[in-house]
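Data block below; observations after.
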Amino acid sequence: MLTWNEIRTRAAQFAERWADTTKENAEAQTFWNEFLAVYGVDRRRVAAFERKVKGLEKGSGRGRIDLLWPGLFMAEHKSKGRDLGEAITQALDYVQVLETHERPQWIAVSDFGQIRLQDVTTGQAEQFPLSDLPGQVERFAFLIGKQLRHQREADPVNVKAAQQMGKLHNLLEDSGYTGHALEVLLVRLLFLLFGDNTGLWDERGLFYDLLADHTRSDGEDTGSVLGRLFQVLDTPNDRRQVNLPDWLNAFPYVNGELFKERIDLADFSPKMREMLLDACTLDWGAVSPAIFGSMFQAVMDETERRNLGAHYTSETNILKALGPLFLDDLHAQLEAARGSRAKLQHFLDFLPRLRFLDPACGSGNFLLLTFRELRRLELDALLEYLKGQNIFDVKSHLRVNVGQFYGIEYDEFPAQIARVAMWLADHQANIEASRKLGQNFVNLPLNQAAHIHHGDALDVDWLTHLNLEAGAGEVRGVYVLGNPPFIGASLMTPAQRQQLLTLFHNVHNATELDYVAGWHIKAAKLMNTLSRQWPQIETKTALVSTNSIVQGEQVAPLWSSLLRDQKQVITAAHQTFQWSNDAPGQAAVHCVITQFQPAETAPASRLLFTYSNPKAAPIQQAAKFINAYLVDGPDVIVTKRSAPFPHSSHRMSYGNKPTDNGHLIFQTREEYDTFLREEPSAAPFIKPMLDAHDFINGKTRWCLWLPQADPAELRRLPKVMERVQKVREFRLRSTAAPTRKTAETPTKFFYVSHPNGPYVAMPRHTSANREYIPLGYLDEHTVINDAMCLVADADLFLFGVMQSRLHMAWMRLVSGRLKSDYRYSPQVTYNTFPWPDRAALTAKQVQAVEKAAQQVLNARTSHPDSTLADLYDPLTMPGDLRAAHNALDRAVDAVYGLSASSTEVQRLALLLKRYQELVPTLESQARPARWSRK
Numbered sequence: 001m002l003t004w005n006e007i008r009t010r011a012a013q014f015a016e017r018w019a020d021t022t023k024e025n026a027e028a029q030t031f032w033n034e035f036l037a038v039y040g041v042d043r044r045r046v047a048a049f050e051r052k053v054k055g056l057e058k059g060s061g062r063g064r065i066d067l068l069w070p071g072l073f074m075a076e077h078k079s080k081g082r083d084l085g086e087a088i089t090q091a092l093d094y095v096q097v098l099e100t101h102e103r104p105q106w107i108a109v110s111d112f113g114q115i116r117l118q119d120v121t122t123g124q125a126e127q128f129p130l131s132d133l134p135g136q137v138e139r140f141a142f143l144i145g146k147q148l149r150h151q152r153e154a155d156p157v158n159v160k161a162a163q164q165m166g167k168l169h170n171l172l173e174d175s176g177y178t179g180h181a182l183e184v185l186l187v188r189l190l191f192l193l194f195g196d197n198t199g200l201w202d203e204r205g206l207f208y209d210l211l212a213d214h215t216r217s218d219g220e221d222t223g224s225v226l227g228r229l230f231q232v233l234d235t236p237n238d239r240r241q242v243n244l245p246d247w248l249n250a251f252p253y254v255n256g257e258l259f260k261e262r263i264d265l266a267d268f269s270p271k272m273r274e275m276l277l278d279a280c281t282l283d284w285g286a287v288s289p290a291i292f293g294s295m296f297q298a299v300m301d302e303t304e305r306r307n308l309g310a311h312y313t314s315e316t317n318i319l320k321a322l323g324p325l326f327l328d329d330l331h332a333q334l335e336a337a338r339g340s341r342a343k344l345q346h347f348l349d350f351l352p353r354l355r356f357l358d359p360a361c362g363s364g365n366f367l368l369l370t371f372r373e374l375r376r377l378e379l380d381a382l383l384e385y386l387k388g389q390n391i392f393d394v395k396s397h398l399r400v401n402v403g404q405f406y407g408i409e410y411d412e413f414p415a416q417i418a419r420v421a422m423w424l425a426d427h428q429a430n431i432e433a434s435r436k437l438g439q440n441f442v443n444l445p446l447n448q449a450a451h452i453h454h455g456d457a458l459d460v461d462w463l464t465h466l467n468l469e470a471g472a473g474e475v476r477g478v479y480v481l482g483n484p485p486f487i488g489a490s491l492m493t494p495a496q497r498q499q500l501l502t503l504f505h506n507v508h509n510a511t512e513l514d515y516v517a518g519w520h521i522k523a524a525k526l527m528n529t530l531s532r533q534w535p536q537i538e539t540k541t542a543l544v545s546t547n548s549i550v551q552g553e554q555v556a557p558l559w560s561s562l563l564r565d566q567k568q569v570i571t572a573a574h575q576t577f578q579w580s581n582d583a584p585g586q587a588a589v590h591c592v593i594t595q596f597q598p599a600e601t602a603p604a605s606r607l608l609f610t611y612s613n614p615k616a617a618p619i620q621q622a623a624k625f626i627n628a629y630l631v632d633g634p635d636v637i638v639t640k641r642s643a644p645f646p647h648s649s650h651r652m653s654y655g656n657k658p659t660d661n662g663h664l665i666f667q668t669r670e671e672y673d674t675f676l677r678e679e680p681s682a683a684p685f686i687k688p689m690l691d692a693h694d695f696i697n698g699k700t701r702w703c704l705w706l707p708q709a710d711p712a713e714l715r716r717l718p719k720v721m722e723r724v725q726k727v728r729e730f731r732l733r734s735t736a737a738p739t740r741k742t743a744e745t746p747t748k749f750f751y752v753s754h755p756n757g758p759y760v761a762m763p764r765h766t767s768a769n770r771e772y773i774p775l776g777y778l779d780e781h782t783v784i785n786d787a788m789c790l791v792a793d794a795d796l797f798l799f800g801v802m803q804s805r806l807h808m809a810w811m812r813l814v815s816g817r818l819k820s821d822y823r824y825s826p827q828v829t830y831n832t833f834p835w836p837d838r839a840a841l842t843a844k845q846v847q848a849v850e851k852a853a854q855q856v857l858n859a860r861t862s863h864p865d866s867t868l869a870d871l872y873d874p875l876t877m878p879g880d881l882r883a884a885h886n887a888l889d890r891a892v893d894a895v896y897g898l899s900a901s902s903t904e905v906q907r908l909a910l911l912l913k914r915y916q917e918l919v920p921t922l923e924s925q926a927r928p929a930r931w932s933r934k
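Here UniProt numbering is used: position 325 in the sequence shown is 325, and no number is missing along the way.
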């Protein structure tokens, strides 16, 4: 049987092969033959084409099913662009007239460009582009006799349950019941509501009956009855009072210390009691602990409460981290063990010997999903192992337990939720096992608990928390996983910044690091200790982070510490993708996943997941080496430079920085015209001014430009002097000494870089949707601000290289980003770029670049009504401009010895190699581009 990785590889090849097909009749049958072959299914053995159907209305124009796999699968095909909804309707008509045993459970329709899959029973449908098939292959798991590993998102049941608890929380808080007691009460109620609906005690609905039948309708005694119930749940059956009422004694002993702490009783109102009764009627069995936990956490925050769905991390994204870390390998081990009881027994013995740590666990999403997947693997293996055998004690065979899971969480309430949610997930897994093994069991009293520590992960000793000393000999794997806090370097508190400086002691530029870097370095140190003390333990880490840690100035301090000092290697990685669940109003976070482990234990294989855009499905590929930029290329770390390499005689600088509180700037034409009407003599001192947005979108502002103005002239311009005085006052109020110093020269911008002649201007930030950052020539009469960069006296050759696809590839590799937008920097991007040595080029090569660069400028001028935003939108880029850019790309590639068919990976490999050759000899030894320490 094919592995999922093999299926994904086949799917990628299939999608590429069929990308440009349009005609239904010509290729439909070949399409479905090859589609089934992606999964290793021989169509001729299971399904037939053009199956005739009877019973449809005459004249309907229908009568043949394109593809039918009786009892399982039907496919209908349309030409590209046709309505797939209509095709589904046609297929459903066919289903109705088929014999019962022939009716499929699944229908797929396609027009070569899109695939739509519908469950006939539930009506649930998913549609996606054919190009996304590699990331969607598990949706067709039924083709090979498997179930899709369920990826339930924030469905209405979870949202409704969380909202109900949120309302109850608000009422209790408004009544004065707050703080720790409220948090503990809500967590306990969560456990009771879930247990009441899922068979955690012998009789379903016990908790509802207790509230409905044994509390007053005015709510007066609800709190005291709950307090009494909590005591009962914490008391073993053999130690309970003889006279305890049956309606309390019917509840089992829970243990697990969930009900041990005595808390103040809550005073319930009639509305609160009724709300709790309403919560009992929800289908808690359909609630996912992983989804609900994060939503439940959100109800405690008034601002977060408005958008519960935004606080759930989708299972799809979590599985991106878990798959390469351990899950894919465990699935492969299970497949290899099938048919061998000895191998299956070894696999079943192996699973309980794994440990999982999420050092920023929140309400437990990563741990819960890991636990669920591990229990499903165990159950699958056990069912295979027990084929044809009776089983008398299910519980003894299920050995994966919540005690294998460890978490660290800064906030107390999420830590409590995580601990309880793990028990709920355990109960759900037990229900599934009971159903499949034919023997019901409940795991009460709770003898084990997830080890969730309430504390600061960057201060806690992770090895001490794992507590491996006693049983380390039995442990075979320790995996660190999660998504630590997304806090940028500029947003950290002084205490957080000090934590990082302590962890990255003596590392140059550690102040540039985001907070998440602390989790990376602690994970590396933990794994090194584990490998040193217990060599039999496999240890790996997979962390989700904002993509800023693999871009710009953070790369050197973080990855030189990890890859060089801590001797780690990146064994798998997801390049930038959008981390979200599409909740309304949710800000997109652009993330990467980095999986790393000690180099001495790392396998030779590497897995890299690339994305055509941040919202696309991942494409998996094997890599020889994954470097700090998450590309398959040389092991090099690019560090910022104060000047370009010698082959470029032109320096880049930032544009002019006003620091004027707007007093030197005219934001609108109306403001500009009004000022000149009032003071026309000021006209010689006003210049057009552009920021990046103006430059891209064809807008203009104006500024007072006074560096060379004669004092006598200025004093004859009262309106100008009024603005200059306001600049001086604004700068004097600044807390920054350099700004106060420039109050001495209020007629000048804070920072001036304006050239005396023509220059090339470039936006510092630009959309990632653009293939090229648009550059342009401006003259000395136009001022740019510090949202732009400039190169004075730049000739056409330099312009051409900067505007080329080659330079854009370098920019994407080393520059920082603002979300997904590119952030160009003179020090990090321009100065580190390996410029060609003009002295080594032929005149023909130089002229080819200059000519192509001029053609790009000419193509722009042929569209005078279009802005750069219009011209460089991939959807509206004119053909002549694209052709000019293609010619420029070829000319620049030729200068670097690259062929016209070179890929971006090949371009980057060459540029990184040249960078290594250009850096000082000390940095290009066996450990190239090592970050120096002070």
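We treat Cβ as the ideally placed atom computed from N, Cα and C, and that holds for glycine.
Note that the structure is predicted; figures quoted are calculated from it, not measured.
- DSSP places P129 outside any alpha helix (DSSP H); the residue lies instead in the beta strand (DSSP E), whose first and last residues are 125-129.
- In the three-state reduction of the DSSP assignment, L706 falls in the coil class.
- Around the CB of S612, fewer than 16 other CB atoms lie within 10 Å, so the residue is classed as exposed.
- The beta carbon of R8 sits closer than 6 Å to those of P134, V137, Q620, all from its chain and outside the five residues before and after it, given in chain order.
- Residue pairing of H574 in beta bridges, as defined by DSSP: I593, F609.
- Less than 7 Å separates the beta-carbon of G362 from that of P414.
- For V187, the three-state secondary structure derived from DSSP is helix.
- With distances taken between CA atoms, V97 lies nearest to R51 out of A286, Y751, R51.
- Separation of A286 and H427 (C-alpha to C-alpha, rounded to the nearest whole angstrom) is 13 Å.
- In this structure, the beta-carbon distance from S648 to W810 does not fall below 7 Å.
- The three-state secondary structure of Q163, taken from DSSP, is helix.
- Contact between W69 and A37 fails: their C-beta atoms lie close to 14 Å from each other, not under 8 Å.
- Counting the other Cβ atoms within 10 Å of the Cβ of N697 gives fewer than 16, which makes it exposed.
- Around M422, the same chain offers G364, L367, L368, F371, V402, F405, A450 as residues with beta carbons nearer than 7 Å, after the five sequence neighbours per side are excluded.
- Taking 7 Å as the cut-off, the beta carbon of V592 is found closer than this to the beta carbon of T576.
- Assigned with DSSP and collapsed to three states, Q568 falls in strand.
- Counting every other CB atom within 10 Å of its CB across the protein chains shown gives I784 a total of 16 or more, marking it as buried.
- Residue state for D635 is assigned as coil, using DSSP reduced to three classes.
- Within its own chain, the residues whose Cβ lies closer than 8 Å to the Cβ of R728, once the five positions on either side in sequence are excluded, are A743, P746, listed in chain order.
- Measuring C-alpha to C-alpha distances from L458 to each of E469, G473, I452, Y410 identifies Y410 as the nearest.
- DSSP, reduced to helix, strand and coil, places E315 within a helical segment of the structure shown.
- Boundaries for F356: no alpha helix (DSSP H) harbours it, while the beta strand (DSSP E) harbouring it runs 354-358, taken from the DSSP string.
- For the 7 Å CB-CB criterion, D893 and S902 form a contact.
- By the neighbour-count definition (other C-beta atoms within 10 Å, threshold 16), D456 is an exposed residue.
- Counting the other Cβ atoms within 10 Å of the Cβ of N547 gives 16 or more, which makes it buried.
- Under the three-state reduction of DSSP, R823 is assigned to strand.
- Between the region 272-289 and the region 194-201, the count of C-beta pairs closer than 8 Å reaches three or more; the two stretches touch.
- The continuous beta strand (DSSP E) containing T546 extends over residues 538-546.
- V846 is the residue among F259, V846, T832 whose C-alpha sits nearest the C-alpha of R838.
- A distance of 7 Å or more separates the beta carbons of H346 and E412.
- From the listed residues E102, S490, L72, S110, the smallest Cα separation to I88 is found for S110.
- Going by beta carbons, I637 and S561 fall outside the 7 Å limit.
- Burial is judged here by how many other beta carbons sit within 10 angstroms of a residue's own beta carbon; H693 has fewer than 16 and is exposed.
- Given a length threshold of 4 residues, each whole run of the alpha helix (DSSP H) inside the region 319-371 is given here in chain order: 328-337, 341-350.
- Taking the C-beta atoms as reference points, E512 is found nearer than 7 Å to E553.
- Here S815 is buried: its Cβ has 16 or more other Cβ atoms, across all protein chains shown, within 10 Å.
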